[in-house]
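Residue numbers (our numbering): 1429 to 2042.
All residues carry an ideal CB built from backbone N, CA and C; glycine is no exception.
Everything on this sheet refers to the single structure shown next.
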Amino acid sequence: MGNYGKIWATAVLWLCTGLLGWAHATVLTLDQARVALTVDGRSTSAEVRLPYGWDYLQKGHSGVGRFELDFEGPSAATEPWGLYFNRLGNAYVVTVNGVVLEKNGTLGANDNSDYAKTPRFLLIPPNLLLPHNHLEITIRSDSGRRSGVPAVQVGPKHEVEPAYQKEFGLRVIGTGVLCVFSLVVGTLAFVLWLSQTDPRPERRGVRDSLYLYAALAEFAWAFLLADGLVEQPPVHWTWWSVALNTALGIWLSSLLLFCHSIAGWDPLPLTRTVRRYLLTLVMMGPAVTYAAIVGPLPTLLTLWQMGFALVFIPSTVVFVVKATRGATFMHRLVAAVLLLNVPIALHDFYAMRVGDAFSNHTQLRYSATLFGLALGAIAIERFRNASLRVRDMLDTLASRVQDKEQELSQSYQRMELIAREQERTLERSRILRDMHDGVGSHISSAIRQLQSGHMNKDEILLTLRDSLDQLKLSIDALHLPCGDVAGLLATMRYRLEPRFRAMGLTLEWAVVALPVLPRLDASAMRQLQYIFFEAFSNVMQHAHASVLRIEAEPCQDSAGHRVRIRIHDNGRGFDTTQVRRKGLVSMEERAAAIGAQIGICSQPGATTLEILLA
1429 MGNYGKIWAT AVLWLCTGLL GWAHATVLTL DQARVALTVD GRSTSAEVRL PYGWDYLQKG
1489 HSGVGRFELD FEGPSAATEP WGLYFNRLGN AYVVTVNGVV LEKNGTLGAN DNSDYAKTPR
1549 FLLIPPNLLL PHNHLEITIR SDSGRRSGVP AVQVGPKHEV EPAYQKEFGL RVIGTGVLCV
1609 FSLVVGTLAF VLWLSQTDPR PERRGVRDSL YLYAALAEFA WAFLLADGLV EQPPVHWTWW
1669 SVALNTALGI WLSSLLLFCH SIAGWDPLPL TRTVRRYLLT LVMMGPAVTY AAIVGPLPTL
1729 LTLWQMGFAL VFIPSTVVFV VKATRGATFM HRLVAAVLLL NVPIALHDFY AMRVGDAFSN
1789 HTQLRYSATL FGLALGAIAI ERFRNASLRV RDMLDTLASR VQDKEQELSQ SYQRMELIAR
1849 EQERTLERSR ILRDMHDGVG SHISSAIRQL QSGHMNKDEI LLTLRDSLDQ LKLSIDALHL
1909 PCGDVAGLLA TMRYRLEPRF RAMGLTLEWA VVALPVLPRL DASAMRQLQY IFFEAFSNVM
1969 QHAHASVLRI EAEPCQDSAG HRVRIRIHDN GRGFDTTQVR RKGLVSMEER AAAIGAQIGI
2029 CSQPGATTLE ILLA
């Protein structure tokens, strides 16, 4: 039973292996072909092995080639088969069993098209498939345009198409995405270059060359990538090639100068020499490309590209070595990107310009994207550092402002103390002046009266009482609130009402609540106090009245809110047009000084003094 088990296991294993082998054997790789070539008017034929790279095998020559291949098909096809070409053309016609499956471009002459840039997938209908099938591929190849025929994959559609989809995604979709990415990065770098200037006064208006080099590199690289999607250039392909190689020179030069700027080498004399050397190479590019295509002298183009390598490789070595010795984050980042890209670039250069890499595509188109990502990281790092510097500056500024505010506050307090002291000094001076002009004058008058011997005791007593009242009011003036007219009147009533009663004057008080007048400061309140005292003094000395009425009320007119004060007495009155006492003149002058209006109306039995305050 053990031996039978082993036999059955072996049989099953062989069956599974055979089925798997049959399943995968349906995808055929055709790499042997019979070719008939027509180059420069001469025709040849031979057996060749695919891929057939025209630029490598027919350097500097254009022509037409017809490739014939045979493959075995299914005995009874029930589904379509597919043909997958990694790269085909420049122009081509593909036939199977004499039926044209696809044609792109013109075979007889260069029509400016290039269909060898993208992979191709062709369907073979089931009714066209035979047990023995004949595949014929005719191509037009233009010198210097990577033309040829790859090894052909043929088999059921569902088995062949995944390889095409993968290649299409890498070479077409991927290239389109990378092209857009480079354009976006280049635009951002260019905007940064335009908007960012050196803030230092001695370098005002100078822009950062790093962003300019990055923008030029990304724009040039986007143009190079876009070429992989352009099958029919807008100009003759010779001039299109000139533009492409010029863009390549700009890309290499800008990339190298970008690295120099990162390392801080811009001011060095050697960097200026390198810039002149690179500028010369870029300017030579159009002529070299034209000669390489029209000559045809393709070696010139190879030598021209090697000219960039002569300065690029040593600069890269020095740049990377410097990155290991205490360099900045940006320097180390770009150095890492260079270390990855330079070997890939050298590989692609050898494969495309020296070796035969017809069926392959460049790897640099993908790895060079890291430069754009590095630029983004550099911009973010610079923005972060700038933000930190600005934050530090703001913190420092805030600290300085706070210190200055404290100093100003202390200075203000000192000035306020000085101002208050000055105000007290001025107030003392005013009181002394008022005492000298008022109290002192009255006392001097009393002394003169005593010395003359012509005044009686009552008159001298009245003069001394006026002096005492004025002294008390001068002291009260120290505590008068600004603009409080009602308070001023109440204070004077308190001081003078005893004298009124002693003289037989009946005081009628008709003062209502009055608004505060902010315009009346301490000086104005003292002037107003003097006006009131002079009015009361005139009533007591000259009116011979029995009733004194004081009215005060708010009022409003076209000029705004005001306060009206009236002082009435029932005395003998006087002629206001004839009598101009010194006291009345002084009252008018003081009223004018504080912006008040004063009016006097007098007749026997009724005298009214009206004061209008704003």
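Is it a yes or a no for the region 1548-1561 touching the region 1510-1528, going by three-plus beta-carbon pairs under 8 Å?
Three or more pairs of CB atoms, one per stretch, sit closer than 8 Å, so the region 1548-1561 contacts the region 1510-1528.
Among L1725, P2032, F1686, T1824, the one whose alpha carbon lies nearest that of H1759
Taking each of L1725, P2032, F1686, T1824 in turn and checking the Cα distance to H1759, the smallest one comes out for F1686.
Quick one: is L1836 buried, meaning 16 or more other Cβ sit within 10 Å of its Cβ, or exposed?
Per the 10 Å Cβ criterion, exposed.
When the Cα atoms are used, what is the spatial distance from L1653 to V1588?
Rounded to the nearest angstrom, the two C-alpha atoms are 27 Å apart.
Check K1585 in the structure and name its three-state DSSP category.
Assigned with DSSP and collapsed to three states, K1585 falls in helix.
Sorted by chain position, which residues of the same chain lie with C-beta nearer than 7 Å to A1796's C-beta, five sequence neighbours on each side aside?
W1649, N1769, listed in sequence order.
Once the 5 residues before and after G2001 are set aside, which same chain residues still bring their CB inside 6 Å of it?
Result list for G2001: S2030, Q2031, P2032, T2035, in chain order.
Following the continuous beta strand (DSSP E) through C2055, name the residue where it begins and the one where it ends.
Since the displayed the chain opens at 1429 and closes at 2042, residue 2055 lies outside it and no answer follows.
Use the C-beta contact count for E1500: other C-beta atoms within 10 angstroms, 16 or more gives buried, fewer gives exposed.
Counting Cβ neighbours within 10 Å, E1500 comes out exposed, since fewer than 16 surround it.
Can you tell which of L1556, V1577, L1558 has the C-alpha that lies nearest to the C-alpha of T1566?
Looking at the Cα atoms, V1577 is the closest of the given residues.
Who are the near neighbours of P1508 in its chain, counting only those whose CB is closer than 7 Å to its CB and skipping five residues on each side?
Close CB contacts of P1508 within its chain, under the 7 Å cut and outside five residues either way in sequence, are with L1551, I1552, P1553, P1554, K1585 (chain order).
Is S1569 buried or exposed, if buried means 16 or more other CB atoms sit within 10 Å of its CB?
Buried, by the Cβ-count rule.
Just the Cα atoms here: how many angstroms apart are A1453 and P1590?
Here A1453 scores only 45 on pLDDT, less than 50, and its place in the model should not be relied on; the value that follows carries that caveat. Each residue's alpha carbon lies about 16 Å from the other.
Bounding residues of the beta strand (DSSP E) (the contiguous stretch that carries A1958):
The sequence given here has Tyr at residue 1958, not Ala. No beta strand (DSSP E) holds Y1958; the alpha helix (DSSP H) holding it covers 1950-1966.
Within a Cβ cutoff of 6 Å, which residues of the same chain sit near L1620, ignoring the five residues on either side of it in sequence?
Here the set comprises Y1639.
DSSP three-state assignment for Y1543, whether helix, strand or coil:
Coil, per DSSP.
Three or more beta-carbon pairs under 8 Å between the region 1660-1674 and the region 1714-1734, yes or no?
At 8 Å Cβ cutoff, the stretches touch.
T1603 beta carbon near the ligand ZN (any heavy atom closer than 6 Å):
Inclusion of the ligand ZN in the displayed structure is not the case, the ligand content being empty and no account of it being possible.
With a threshold of 7 Å on Cβ separation, who are the neighbours of Q1955 within its own chain once the five nearest residues in sequence on each side are excluded?
Beyond the five residues adjoining it in sequence on each side, Q1955 comes within less than 7 Å, by CB distance, of R2018, A2021, I2022 in the same chain, given in chain order.
Taking the beta carbon of G2027 as the centre, do at least 16 other beta carbons fall within 10 Å, making it buried, or is it exposed?
Exposed is the call here.
What distance in whole Å lies between the Cβ atoms of G1932 and S1974, which are believed to be in contact at a cut-off of 8 Å?
Contact holds; Cβ gap of about 6 Å.
Residue range of the alpha helix (DSSP H) that N1998 falls in?
Counting along the chain, N1998 sits inside no alpha helix (DSSP H), nor does DSSP assign it H or E at all.
C-alpha gap between F1799 and L1606, whole angstroms
So the two alpha carbons sit approximately 12 Å from each other.
Beta-carbon proximity list for T1674, same chain, < 8 Å, skipping 5 on both sides
Counting only Cβ-Cβ distances below 8 Å, and skipping sequence neighbours, we find V1710, G1713, P1714, T1717.
Under a three-way DSSP split, which group does D1831 fall into?
Looking at D1831 - three-state DSSP - the assignment turns out to be helix.
Given a threshold of 16 other Cβ atoms within 10 Å of its Cβ, counted over all protein chains shown, does N1518 qualify as buried or as exposed?
With 16 or more other Cβ atoms within 10 Å, it is buried.
When the Cα of Q1969 is compared with those of D1997, I1993, D1949, which residue comes out closest?
For the residues D1997, I1993, D1949, the minimum Cα distance to Q1969 belongs to D1997.
Output the boundary residues of the beta strand (DSSP E) element that contains H1560.
Looking at the DSSP string, the run of the beta strand (DSSP E) that includes H1560 is 1560-1569.
Bridge-paired residues (DSSP) for S1473
S1473 is bridged by DSSP to A1464.
Which of the three DSSP states, helix, strand or coil, is assigned to A1971?
Under the three-state reduction of DSSP, A1971 is assigned to helix.
Beta-ladder partner(s) of K1487, from DSSP:
In the DSSP secondary-structure assignment, K1487 is not bridged to any residue.
Which listed residue (H1562, V1991, H1972) has its alpha carbon closest to that of E1979:
It is V1991.
For W1509, report the span of its alpha helix (DSSP H) as first-last.
Where W1509 is concerned, there is no enclosing alpha helix (DSSP H), although the beta strand (DSSP E) around it starts and stops at 1509-1513.
Within this structure, are the beta carbons of L1792 and D1776 separated by less than 7 Å?
For the pair L1792 and D1776, the CB atoms are nearer than the 7 Å cut-off.
Looking at the secondary structure, which residues open and close the alpha helix (DSSP H) in which R1574 lies?
Premise fails: R1574 is in no alpha helix (DSSP H) and is neither H nor E.
Ignore the nearest five residues each way along the sequence and tell me which others in N1540's own chain have a CB closer than 7 Å to its CB.
Sequence-distant partners of N1540 (beyond 5 residues in either direction) whose C-beta falls short of 7 Å from its own C-beta, in its chain, are Q1660, P1661, H1664, W1665.
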